[in-house]
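Data first, discussion second: the structure below is written as structure tokens.
Protein chains in written order, with the numbering used here: chain A, 548 to 705; chain B, 37 to 139.
In structure tokens, the structure reads:
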């Protein structure tokens, strides 16, 4: 592939994603260039406290307005665990999935722009039976609910 | 490069439901090969979904998202024939963009 085109494509992609991520509040404007749109520190944490620090938030408030759907109590295959999360918290800006006993706790963060339902589903890997947290950011504050998912065959590759 | 994403975008009432299946190893960096060497991490880090140039979903992922990532979500609006575009970028700075038409 032509190197110039590849660089141009990369630059375009990086700038638009950065703008989005900065606007969504995951990055301070000064961090944008350094972090390149992916919050490395947040994906290397091992506890809720560490994760919240990396995300720049305080301790999340437990909320019954966040619910799991289509999420098993027992995962047959830890490599592919379906997780569905719906947030009825007003002005939900983002939904994150944290898996307590995974090598790194934060699995994914989804930014929800206005007009998009605060409800999504995906599939994640779990190394072992663990609490799974649905962390919602709404109006600058954090809310959380959790569910234990039992895993019979771990999915992190150990 | 990677195989194309399978994207379905369907109008349900006044919302568009998007389901996407991406093709990616999502290697965690935890596994070892048969020689005992760690297989390096290789995973999608950023995802962006747009409709009519408006971002309808953005995501940051770690390697705990399952291999061949699947995501399903809904956004208000959309009309039959509109395009939904999805882009991912991985930790090797490889990227892939695919689009689908709302049915």
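The beta-carbon is built from N, C-alpha and C at its ideal position, and this holds for glycine as well.
| Asked | Found |
| --- | --- |
| Between the CA atoms of residue 666 of chain A and residue 97 of chain B - distance to the nearest angstrom | 17 Å |
| Sub-8 Å separation of residue 690 of chain A and residue 610 of chain A beta-carbons | yes |
| Limits of the unbroken alpha helix (DSSP H) element including residue 598 of chain A | 595 to 602 |
| CB contact check: residue 621 of chain A to chain B, cutoff 8 Å | no |
| Contacting residues, own chain, Cβ-Cβ under 7 Å from residue 117 of chain B (five flanking each side not counted) | 137 and 138 |
| Rounded C-alpha distance that separates residue 125 of chain B from residue 76 of chain B | 17 Å |
| Contact with chain B by residue 651 of chain A, beta-carbon distance below 8 Å | yes |
| Cβ distance (whole Å) where residue 40 of chain B is taken to contact residue 134 of chain B below 8 Å | 5 Å |
| Proximity winner among A/696, A/671, A/662 and A/660, relative to residue 653 of chain A (alpha-carbon distances) | A/671 |
| Residue 581 of chain A, DSSP secondary structure in three states | Here the model assigns residue 581 of chain A a pLDDT of 30, short of 50, so the residue's position is not dependable, and the following value carries that caveat. Note: residue 581 of chain A maps to helix in three-state DSSP. |
| Per-residue contacts from residue 40 of chain B into chain D (C-beta, under 7 Å) | Absent here is chain D; the protein component of the structure consists of chains A and B. |
| Endpoints, the beta strand (DSSP E) within which residue 646 of chain A is located | 639 to 646 |
| Any chain A beta carbon closer than 8 Å to residue 105 of chain B | yes |
| Closer than 8 Å to chain A by CB, residue 132 of chain B | no |
| Test: residue 596 of chain A CB closer than 8 Å to a CB of chain B | no |
| Range of the contiguous beta strand (DSSP E) that encloses residue 679 of chain A | 677 to 685 |
| Residue from B/115, B/128 and B/109 with nearest C-alpha to residue 99 of chain B | B/128 |
| Cβ shell of residue 94 of chain B (< 6 Å), same chain only, five flanking positions each side left out | 84 |
| CB contact flag (residue 617 of chain A, residue 668 of chain A, <8 Å) | yes |
| Residue burial classification, residue 74 of chain B (beta-carbon count within 10 angstroms, cutoff 16) | exposed |
| Buried or exposed (CB count within 10 angstroms, at least 16 for buried), residue 50 of chain B | exposed |
| Residue 699 of chain A versus residue 113 of chain B - alpha carbon distance | 41 Å |
| Contacting positions in the segment 89 to 103 of chain B - beta carbon closer than 9 Å to chain A | 90, 91, 92, 93, 94, 95, 96, 97, 98, 99, 100, 101, 102 and 103 |
| Residue 604 of chain A to residue 71 of chain B span [Cα, whole Å] | 42 Å |
| Residues bridged to residue 136 of chain B (per DSSP) | B/120 |
| Inter-residue CB distance, residue 636 of chain A and residue 673 of chain A (contact presumed, cutoff 8 Å) | With 8 Å as the limit, residue 636 of chain A and residue 673 of chain A do not qualify as a contact, their Cβ atoms being about 25 Å apart. |
| Contact set for residue 132 of chain B: own chain, Cβ-Cβ below 6 Å, skip 5 residues either direction | 38 and 124 |
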